[in-house]
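Enquirer: What follows is a single structure, and I will ask about it in a moment.
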Amino acid sequence: MTRRFHCLILAGWMFCLLLGGAPSQNVMAQPPAADPFAPVDPFAPAGDNPGMDPNNPFGGPVEGNLFDPAAAPAAAAGQALGEILQPTDPFIEELRRYAAGSNAKLALAIRQAARIGNWKEVEDFLQILAGRKPSQAVLSSMANTIDGPLLARMRLQPKLSPESIKMIDQMRSAAQASASDNKILRQAILALKSPSVDLQLKGYRALFTGGDNAIAELVTAAVQPSPVVPREKLVPVLREMGPSAEHAIRQFVLYGAPELRAGALETLVLWDRKAALGDLVTALHAADATDKERSIAASTLAQDYKPLPSGKEAEQFLTGKLNDAVRLAKRTARDEKMKTIWVIGEDGKTITPQLATARLAAVQQAAVAAARLRPLSGLSLEAQRAALITDIDYAVQQDLLFGTDPKDFDSLRESYSADAFSLPQLQSLLSDSMDQRRDAATVGILRLLPADPQLVRSMSQDQTPLVDAASHPDPRVRYEASLLIGRTKMDEPYRGSSVVLRRWLEMAALKNRPTALVVQPRPAAAMRLEAMLIQQGYNVEIVPSVQEAALRVARGGDIQVIVATTDLPDLPPIELVDRIRRISLGANIPILFYGDDRAGTSNNSLSAPVRRIVPPRRTLDQDRYDVLLESLQLLNDDLEFVLFQPPIDVPVNRPDPQLEQRENYAAALEKVRAAVLKSKLDRNLSFFGLALGIDAHPIALTLQPETEGGIAQAEILRTSLEDLGFEFESVSDLAALQTRLEDRRPVHMVFLSASSAPEYARDLVNQIRETKEGAKVPIFFYGGSDDGLETARFESQLRRRHAISTPESFTSVMDAVNAAAALPPLDSDERKAYEIGSMSILSAVAQDPKQEFYDLRTNEIDKVLGAPSSGSNESHLAVLAGLGTAESQDALAELAANESVAQPVRMRAAERFAESVQRFGTRLSRDHVALQYQRYNRTNNEDIRASIGIVLDAMEKRVSSTN
């Protein structure tokens, strides 16, 4: 039987079924929905991803494209679909992210890539290092991180380029130089106990000029059990080096090797006994304290406290100190100010300085306070939670990827009791961190939590803290919470499940770029803001009112900034701020206002910033000149122009925006652009003068040069000005020009040939400005590409009667806002990871009948899936199969018949179509069913027939089983 005959039979059966012969759930029409296969595919935005082929509608990579016809034979030869779709090694991707970070992270990336023998990545990383042009100190630090023997092995690697070998040699040389410097410092320390005053002075000079290296050597010498120089001589020198030295000593007290901790404690007591109080209390009651540490603590504390503090008193005291340090850290902005922090080596016997932001330095001090509290014997669970939150907070702020590997938490598990990691305690830990608004700690805790239904299922009227976290203001927090809930695989409804589903859809729709929301009712002004924000790397969405802005924020997404005018149409700016802040997802989004100072347009909040940007103070005259200049450039490519504006009076208070007139200017310029595309004979730009608000036929006066080339240029200028509706007049010399300016009808513009300025153009301009009318008129110099208009000879000077301070820019304000935030904004790699994770969860939900309480079809998932080409991903295919809608089945059928994709993908799409039909019935319309048969009969490609055959067999089998 032919496929054509099958088509007639199946069409007849479907017609009968539609009349009522089959169960209604199999043939019922789906409710109207937006087209899920819009042209833009949010999961493979070729235009946004530099590694994507812009000509490929599937958004595949430029080379090795799954949908490249050249790749199809390899797939047909038996290559597995999983191999074709296999992504880049996540470990390599992580190394690349490290390499793009600080020099310390770049060194770690080089070390790890060399250890696994990936010399291509080592080569790339070394080229990155060469481009940064690091100092000797940086090279030395990186060499210590990579390790000397490994550097020597790398140098012998033939796969590395000569440039990379040179960088390796520079690191080794810097390390050797640094080692010799440390020898000098050690000799200077020995000189402190010399009987010779000259040697002592020489030692002091060497140490005081040694910087952080000198502090490290002095502290290391002071904490030894038997220091070569008495501590009494070392501590005064350390005290002169400032509080950084105290922090270095305390690192040995808390994290040093057991044999060094007692000496470090004695050194700290010599430094300042009161400052060492917390460390003494810890040493007195710490479970792992040595006998000598307890002895030093008891004898020192006994001088001020009788009886000695009890364990309970120690816990209360140290908990209070921890809370003080946490409050200070939360008030410290994450700006560009750098401080030195100290890190103990893995052996507990060495210490190295590192530069960190002031915020990270403050968080480290909070972690130090937690380290004092943690070792106490019999520590309550409440105190353990407080310390554990701080430890996780510091770890995540040091490295945003902390916790993605479960092994990251091993050291914390060793430092706390097993009860601190029980499920109820972990749930309380999450609740505490959210209540304290410690977002970095919350991210780490979510990565620590197990995928346990008890964390999702609520036994009360309220949602669990984990489900609450899915609506957190910080995107990292809500996305990590949503991924954890997805891994839990709930098999029954729970409170907040619809919110979690919306969050998965939000994550699946993440773009390569962050989103900026513009609230501006005027189209021209909105377009200007859009152009500015696109240049800053944002995807821009425009809404005209406060109400629509609130609705958009409630839908979620990675909205990193809201930019709004102060002249809102429906509500004042303060109401916009209030509406956005009342939405949980908008509680922390920075809001930037452009325009006049109004109530509520600025605050001092670090977590929920509102700032106002004063736009540049331009006059209508300035805009008018710019429009004229650009129009002249559009009308001809032969001449270049330099504008000398007349003195501009800019008031101290910004004038009315006069937006209507500026929009007229923009409209006039657009009409000029449109006219350029027409024939010169068809141009009609007589409106131009009136659009600029000067005259119906404004007068342009030209100083006519007598040279042949100058006459030709003047004729080109005449044609352009007459096209714009100008009246063109010319004079032969400067005197005639000055006379004409003071005579008859007013002149609106003056054009001077480049050859008319013998030396500096401004000298000629100043002569024209001496006349009354000449002081008001804009003056343009024009000439060809060889007339030197770009040189200093024609440097234009903009003179103002009032000095204007440089206004804040969007970039400067956003840099300050992001620096003050608790966590940096999501980057493109994180957005992609969350998008992939959410699609994996959605595919699992779509295939699992037990999770049908997540109603995918009523949550506009079709908008997330985008065009049929998005089915190139296995997760997308699974979601399409699990939807069971006419649109999703049509997308799978389209992909199964698509000649431009590889055969394994076509076959997988056809198999997913069969699964969808088996579960939901055939949802295709009669016309679409017939189309599948037409495709089968038209093609001679056996591979395509094989995939379409699976589609047809699935529909026929369903009809047979229903009959």
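Numbering (mature numbering (1 follows the signal peptide of the UniProt record, and there is no 0)), first residue to last: -29 to -1, 1 to 934.
Don't be surprised by glycine CBs; every beta carbon is placed ideally from N, CA and C.
Here's the rule I'm using: 16 or more other beta-carbon atoms within 10 Å means buried, otherwise exposed. How should ARG124 be labelled?
Expert: exposed
Enquirer: Should residue 977 go down as buried or exposed, given a rule of 16 or more other Cβ atoms within 10 Å for buried?
Expert: Absent from the model: residue 977. The displayed extent of the chain is -29 to 934, so no value can be given.
Enquirer: Should PRO676 go down as buried or exposed, given a rule of 16 or more other Cβ atoms within 10 Å for buried?
Expert: buried
Enquirer: Once DSSP output is grouped into helix, strand and coil, what is the label at ASN510?
Expert: In this structure, ASN510 counts as strand in the three-state DSSP scheme.
Enquirer: Quick check: what's the CA-CA separation for LEU(-22) versus GLU865?
Expert: Low confidence applies to LEU(-22): its pLDDT is 40, below 50, so where it sits in the model is not reliable, and the reading given next is rough at best. In this model, LEU(-22) and GLU865 are separated by some 21 Å (Cα to Cα).
Enquirer: Is it the case that the region 174 to 181 contacts the region 191 to 198, given that we only count it when at least three CB pairs across the two stretches are under 8 Å?
Expert: no
Enquirer: For the beta strand (DSSP E) containing GLU611, name the first residue and the last one.
Expert: Counted as a single uninterrupted DSSP element, the beta strand (DSSP E) harbouring GLU611 occupies residues 611 to 615.
Enquirer: Is VAL784 near the ligand MN, judged by its Cβ being under 7 Å from some heavy atom?
Expert: With respect to small molecules bound, the structure shown includes none, and the ligand MN cannot be examined in it.
Enquirer: Should ASN607 go down as buried or exposed, given a rule of 16 or more other Cβ atoms within 10 Å for buried?
Expert: exposed
Enquirer: If the criterion is Cβ atoms closer than 8 Å, does the pair SER859 and SER887 meet it?
Expert: By the CB criterion at 8 Å, SER859 and SER887 fall inside the cutoff.
Enquirer: Is MET309 buried or exposed, if buried means 16 or more other CB atoms sit within 10 Å of its CB?
Expert: exposed
Enquirer: Would DSSP call PHE751 helix, strand or coil?
Expert: strand
Enquirer: Grab me the residues of ILE560's own chain with a C-beta within less than 6 Å of its C-beta, minus the 5 sequence neighbours each way, in chain order.
Expert: ILE530 and ILE533
Enquirer: Buried or exposed: PHE751, going by 16 or more other Cβ atoms within 10 Å of its Cβ?
Expert: buried
Enquirer: Name the DSSP beta bridge partners of PHE564, please?
Expert: In the DSSP output, where bridge partners are listed per residue, PHE564 has ALA535 and ARG583.
Enquirer: Classify GLN274 as buried or exposed, calling it buried when 16 or more other Cβ atoms lie within 10 Å of its own Cβ.
Expert: exposed
Enquirer: Going by alpha carbons, who is nearest to SER811 out of ALA479, GLN822 and SER429?
Expert: ALA479
Enquirer: Looking at C-alpha atoms only, which residue of ALA790, LEU674, PRO717 and ALA187 is the closest neighbour of ALA725?
Expert: LEU674
Enquirer: Taking the straight line between their C-alpha atoms, what separation do you get for GLU641 and GLU601?
Expert: 11 Å
Enquirer: Which stretch, first to last residue, makes up the alpha helix (DSSP H) that contains GLN518?
Expert: 517 to 525
Enquirer: Where do the ends of the alpha helix (DSSP H) carrying PRO214 lie?
Expert: 214 to 226
Enquirer: Going residue by residue through the region 722 to 750, where are the continuous alpha helix (DSSP H) segments of at least 4 residues, counting only ones entirely within it?
Expert: 732 to 740
Enquirer: Return helix, strand or coil for ILE670, following the three-state DSSP convention.
Expert: strand
Enquirer: Assuming the contact rule is C-beta atoms closer than 8 Å, LEU170 and MET138 should be a hit. Round their C-beta distance to whole Å, please.
Expert: Contact between LEU170 and MET138 fails: their C-beta atoms lie close to 40 Å from each other, not under 8 Å.
Enquirer: In whole angstroms, what separates the C-alpha of PHE697 from that of LEU712?
Expert: 16 Å
Enquirer: Tell me the DSSP secondary structure of LYS320 in three-state form.
Expert: coil
Enquirer: Among GLU611, THR321, TRP475 and LEU504, which residue has its Cα nearest to the Cα of PRO446?
Expert: Checking every option, the nearest Cα to that of PRO446 belongs to TRP475.
Enquirer: Can you confirm whether the region 284 to 296 touches the region 328 to 345 when touching is taken to mean that 3 or more C-beta pairs between the two stretches lie within less than 8 Å?
Expert: Taking 8 Å as the limit for Cβ pairs, the verdict is that the region 284 to 296 does touch the region 328 to 345.
Enquirer: Grab the span of the alpha helix (DSSP H) containing PHE659 for me, first residue to last.
Expert: 659 to 662
Enquirer: Find the nearest neighbour of ALA332 within the set LYS320, ILE315, ALA300 and ILE322, judged by alpha-carbon distance.
Expert: ALA300
Enquirer: What alpha helix (DSSP H) runs, 4 residues minimum, are completely inside the region 220 to 286?
Expert: 229 to 242, 248 to 256 and 262 to 272
Enquirer: Would you tell me roughly how many angstroms separate the C-alpha atoms of LEU352 and GLU823, rounded to the nearest one?
Expert: 40 Å
Enquirer: Are TYR387 and GLN355 touching if we call contact CB-CB under 8 Å?
Expert: yes
Enquirer: Output yes or no for whether 8 Å exceeds the beta carbon distance between SER809 and VAL850.
Expert: no
Enquirer: What is the DSSP secondary structure of ALA487, counted as helix, strand or coil?
Expert: strand
Enquirer: Express the C-alpha separation of LEU239 and PHE223 in angstroms, rounding to a whole number.
Expert: 10 Å
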